[in-house]
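One structure is given here, and the rest of the page talks about it.
Residue numbers (my numbering): 214 to 512.
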């Protein structure tokens, strides 16, 4: 029988064909609570790492959104689609069988580093208050502004030629806000043959990888058996998201009332844990004080 789960973060291996919101709906039933959220949306076509928060751990999701990410993907050259992936209507077709490996490698290399990338038209970016994907699906032509992103590296795997198509396997490490579909689109445009994404698997968000991920089926079986789901506790999750500091009893009490601590010389925001590893707060230092941004152990 499913019982309510303690607060924490669960790394889910999202299956293909379901939205991220669909995963949350399944996890609400598995965890026995409606207070479930996710960080880092994946398209229905995509699989892989999706971070799900349970209970008051949902407050940690704000610190997940900006983490860098890694993906394994397959780009198909020879066709462009309205969605830049395999789910959209084909808009361009060309024979890509003669595109040289060297040209593919050069095109992908040119997209590494800090670049200005135009998001996919079918994306969650808002245009005049409405999601771009909604406007596109209503038949409207949408032009999005380029955004500065960082692509740390694109590893090129197998290059396969199948009829008029050339498929390219890639591993991408990038900043938050990077669209892998846009990489496929831009490579196809640069080579003059069109391109789109036919497979996408997220392998990592920050310090959370597939090695710690569980399928929805496995999580449901554990819950039904009354077994732990393998969630990271609030303290364990915070330690993967940012630096940590351990508080004294007096400091823990002060934090519970929202009071600032003396600075510890830690740059940027960081987590403050109690002696047992429980998460007390997330703080940021300003001068001689470490001021709480989010308090988890309120008085």
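The beta carbon of each residue, even a glycine, is placed where N, CA and C say it ideally should be.
Reference residue 456; option with closest CA among 310, 486, 295:
Here the question's residue 456 lines up with position 243 in the chain shown. Of 310, 486, 295, the smallest CA-CA separation from residue 456 is found for 486.
9 Å Cβ cutoff met for residue 423 and residue 281:
For this step, residue 423 is matched to residue 210 along the chain shown. For this step, residue 281 is matched to residue 68 along the chain shown. No, they are not a contact pair.
Cut-off 7 Å between Cβ atoms - residues of its own chain near residue 220, not counting five sequence neighbours on either side:
Start at 1 with the first residue of the chain shown, and residue 220 comes out as number 7. Excluding sequence neighbours, residue 220 sits near 267, 268, 269, 270, 447.
Counterpart residues of residue 362 in DSSP-defined beta bridges:
In the chain shown, counting from the first residue as 1, residue 362 sits at position 149. DSSP, once it has assigned bridges, lists 328 as partnering residue 362.
Rounded to a whole number of angstroms, what is the C-alpha to C-alpha distance between residue 495 and residue 506?
By one-based count along the chain shown, residue 495 stands at place 282. By one-based count along the chain shown, residue 506 stands at place 293. Residue 495 and residue 506: Cα-Cα distance of roughly 6 Å.
Three or more C-beta pairs below 8 Å linking the stretch 292 to 300 and the stretch 407 to 418:
Taking a contact to require three or more Cβ pairs closer than 8 Å, the stretch 292 to 300 and the stretch 407 to 418 qualify as touching.
Whole angstroms are fine: how far does the CA of residue 417 sit from the CA of residue 401?
Counted from its first residue, the chain shown places residue 401 at position 188. Counted from its first residue, the chain shown places residue 417 at position 204. Looking at the two C-alpha atoms, the distance is approximately 26 Å.
In terms of residue numbering, what span does the alpha helix (DSSP H) encompassing residue 430 cover?
In the chain shown, the residue the question calls residue 430 occupies position 217. Element bounds for residue 430: 429 to 437.
With a CB to CB cut of under 8 Å and the five nearest residues on each side skipped, what residues in its chain are close to residue 502?
Locating residue 502 in the chain shown gives position 289, counting from the first residue. Counting only Cβ-Cβ distances below 8 Å, and skipping sequence neighbours, we find 473, 474, 475, 476.
Classify residue 306 as buried or exposed, calling it buried when 16 or more other Cβ atoms lie within 10 Å of its own Cβ.
For this step, residue 306 is matched to residue 93 along the chain shown. Under this definition residue 306 is an exposed residue.
Taking the alpha-carbon of residue 204 as reference, which of 359, 384, 445, 366 has the nearest alpha-carbon?
The structure shown does not extend to residue 204, since the chain is modelled only from 214 to 512, so the question has no answer here.
Assuming the contact rule is C-beta atoms closer than 8 Å, residue 218 and residue 260 should be a hit. Round their C-beta distance to whole Å, please.
The sequence position of residue 218 within the chain shown is 5, counting from 1. The sequence position of residue 260 within the chain shown is 47, counting from 1. Cβ atoms of residue 218 and residue 260 stay farther apart than 8 Å, at about 23 Å.
Using alpha carbons as the reference points, say which of 237, 242, 483 lies closest to residue 498.
Position 285 of the chain shown, counted from the start, is the residue given in the question as residue 498. Nearest neighbour of residue 498 by Cα position, chosen from 237, 242, 483, turns out to be 483.
Reduced DSSP category for residue 231 - H, G, I as helix; E, B as strand; rest coil:
To locate residue 231, count along the chain shown from 1; it is residue 18. When DSSP states are grouped into helix, strand and coil, residue 231 belongs to the coil group.
Secondary structure at residue 469, three-state DSSP: helix, strand or coil?
Here residue 469 refers to the residue found at position 256 when the chain shown is read from its first residue. Correct three-state label for residue 469: helix.
Between which two residues does the alpha helix (DSSP H) holding residue 401 run?
Translated into positions along the chain shown, residue 401 becomes position 188. Boundaries of the alpha helix (DSSP H) harbouring residue 401: 393 to 404, taken from the DSSP string.
With 16 other CB atoms within 10 Å as the buried threshold, where does residue 234 fall?
Here residue 234 refers to the residue found at position 21 when the chain shown is read from its first residue. It counts as exposed.
According to DSSP, simplified to helix, strand and coil, what is residue 413?
For the purposes of this step, residue 413 is taken as the residue at position 200 of the chain shown. Under the three-state reduction of DSSP, residue 413 is assigned to strand.
Using the beta-carbon count (16 or more within 10 Å), is residue 392 buried or exposed?
For the purposes of this step, residue 392 is identified with residue 179 of the chain shown, where counting begins at 1. Burial of residue 392 is indicated by the presence of at least 16 other C-beta atoms within 10 angstroms of its C-beta.
Considering Cα atoms alone, identify which of 258, 236, 415, 316 is closest to residue 527.
This structure cannot settle anything about residue 527, because the visible part of the chain is limited to 214 through 512.
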